[in-house]
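A.B. asks:
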Amino acid sequence: MKLENRTILVTGANRGIGKALVEALLKQPVGKIYAAARKTEELPAFGDSRVVPLKLDITDLDLVRKAAALAQDVDLLINNAGVATFSSVVSAEPAALKHDLEVNYLGTLNVVRSFAPALEKRGGGAIANVLSVLGLASMSAVGGYSASKAALFSATQAMRGELKAKGISVHAIFPGPIDTDMSRDFDMPKTSARETAENIIKGILADHEDIFPDPMSAQVGELWVKDPKGLERQFSAM
Numbered sequence: 246m247k248l249e250n251r252t253i254l255v256t257g258a259n260r261g262i263g264k265a266l267v268e269a270l271l272k273q274p275v276g277k278i279y280a281a282a283r284k285t286e287e288l289p290a291f292g293d294s295r296v297v298p299l300k301l302d303i304t305d306l307d308l309v310r311k312a313a314a315l316a317q318d319v320d321l322l323i324n325n326a327g328v329a330t331f332s333s334v335v336s337a338e339p340a341a342l343k344h345d346l347e348v349n350y351l352g353t354l355n356v357v358r359s360f361a362p363a364l365e366k367r368g369g370g371a372i373a374n375v376l377s378v379l380g381l382a383s384m385s386a387v388g389g390y391s392a393s394k395a396a397l398f399s400a401t402q403a404m405r406g407e408l409k410a411k412g413i414s415v416h417a418i419f420p421g422p423i424d425t426d427m428s429r430d431f432d433m434p435k436t437s438a439r440e441t442a443e444n445i446i447k448g449i450l451a452d453h454e455d456i457f458p459d460p461m462s463a464q465v466g467e468l469w470v471k472d473p474k475g476l477e478r479q480f481s482a483m
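The opening residue of the sequence shown carries number 246 in this note's numbering; numbering runs sequentially from there.
1. Going by C-alpha distance, which of A316, R367, D302 is nearest L354?
2. Leaving aside the five residues before and after A363 along the sequence, list all residues of the same chain whose C-beta is less than 7 Å from its C-beta, in chain order.
3. Assign G406 to one of two classes, buried (16 or more other C-beta atoms within 10 Å of its C-beta) or exposed (fewer than that).
4. Please state whether DSSP places G370 in a helix, a strand or coil.
5. Are the region 295-310 and the region 272-286 touching, with three or more C-beta to C-beta distances below 8 Å?
6. Helix or strand or just coil, what does DSSP make of I303?
7. Residues in the same chain with beta-carbon distance under 6 Å from G466, minus the five sequence neighbours each way, listed in chain order, please.
8. Starting from the C-beta of S414, find all residues in its chain whose C-beta is less than 6 Å away, skip the five residues before and the five after it, and write them out in chain order.
9. Is it buried or exposed for D472, if we count other Cβ within 10 angstroms and need 16 for buried?
10. From which residue to which residue does the alpha helix (DSSP H) around S414 run?
11. For the alpha helix (DSSP H) containing K471, name the first residue and the last one.
12. Whole angstroms is fine: what's the gap from S332's alpha carbon to Q479's?
13. Does the pairing of the region 385-400 with the region 340-353 give three or more beta-carbon distances under 8 Å?
14. Is the separation between the beta-carbon of V255 and that of V267 shorter than 7 Å?
15. Alpha carbon to alpha carbon, how far is A382 from L376?
16. Can you list, in chain order, the stretches of the beta strand (DSSP E) that have 3 or more residues and sit fully within the region 257-304?
17. How close, in whole Å, do the beta carbons of L270 and I278 come, if the pair is a contact with beta carbons under 8 Å?
18. Tell whether a beta-carbon distance below 7 Å holds between A265 and I323.
19. What distance in whole Å lies between the Cβ atoms of G412 and G497, which are believed to be in contact at a cut-off of 8 Å?
20. Does the ligand ADP have even one heavy atom less than 6 Å from the beta-carbon of R251?
21. Just checking my contact of I449 with A438 at CB under 8 Å: how many whole Å lie between their CB atoms?
22. Starting from T441 and walking both ways along the alpha helix (DSSP H), at which residues does that stretch end?
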């Protein structure tokens, strides 16, 4: 996908990968970037007139529909907003598991379903869903998060089949451990949000359906293709 003069919407743009994505996109010849967040006052000052703040809570369908009505010119939708409650599927409180699903899975579907008609009217475009390597194989300590990302991966595959005829391509992005607030309690090597975002943009520009934007995720992607059962055993032992 070419980004010249295109309009991009990034959810969860106030921090982490979302913030880094906006900054990486500003290095491209894009026309406009909607920086979406639940609280627009928490958005950083990007210092570029191409950035338009957009209030968006992806779990609030009415608010999502209002945002879609305001942003009818979107060519690329990057669904980055998400949460992680770090809960076990066996012992966690039901509310924690429900929260992961409501945001990561159902919330993202709210955005896709609301913005897909606008993309179609503009002759197509692209949707990029930020998933996780844990959507390919679960880690028991974060089973709830893993399940929500696996659900979104399954939905992403379904979107590809449904939206292809409408000229909309759908990308799945599988980050590994990234140096953000969400992963601060994980004691392992992490890739910077900046490098991750830049590699995501490279993958979109190259029309890669599945994007593994950091060294760890690239290794996981190879193992997932060759030996998915081995990947499951490796992750479940962590």
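Every residue gets a Cβ at the ideal spot worked out from N, C-alpha and C, and that includes glycine.
C.D. replies: For this structure:
1. Taking only the C-alpha atoms, the option nearest L354 is D302.
2. Cβ neighbours of A363 beyond the five flanking positions: A313, Q317, V319.
3. Exposed.
4. Secondary structure at G370: strand, using DSSP grouped into helix, strand and coil.
5. Output reads yes: the region 272-286 touches the region 295-310.
6. Looking at I303 - three-state DSSP - the assignment turns out to be coil, as it is neither helix nor strand.
7. Apart from the 5 residues on each side of it in sequence, G466 sits with its Cβ closer than 6 Å to the Cβ of F457 in its chain, given in chain order.
8. Here the set comprises A371.
9. Result: exposed.
10. Not the alpha helix (DSSP H): S414 falls in the beta strand (DSSP E), residues 413-418.
11. Run containing K471: 460-471, per the alpha helix (DSSP H) assignment.
12. Straight-line Cα distance between these residues: approximately 19 Å.
13. By the Cβ criterion, the region 385-400 is in contact with the region 340-353, since at least three pairs of Cβ atoms, one from each stretch, lie closer than 8 Å.
14. Yes; because the gap between Cβ atoms is below 7 Å, this pair is in contact.
15. A382 and L376: Cα-Cα distance of roughly 12 Å.
16. Listed in chain order, the complete beta strand (DSSP E) runs (minimum 3 residues) inside the region 257-304 are 277-282, 296-300.
17. Your pair L270 and I278 checks out as a contact, with CB atoms roughly 5 Å apart and the cut at 8 Å.
18. A265 places its beta carbon 7 Å or farther from that of I323.
19. Outside the shown range of the chain (246 to 483) lies residue 497, about which nothing can therefore be said.
20. Of ligands this structure carries none, so the ligand ADP is not represented either.
21. The beta-carbon distance between I449 and A438, rounded to whole angstroms, is 16 Å. This is too long to meet the 8 Å contact definition.
22. Segment 438-450, the alpha helix (DSSP H) holding T441.
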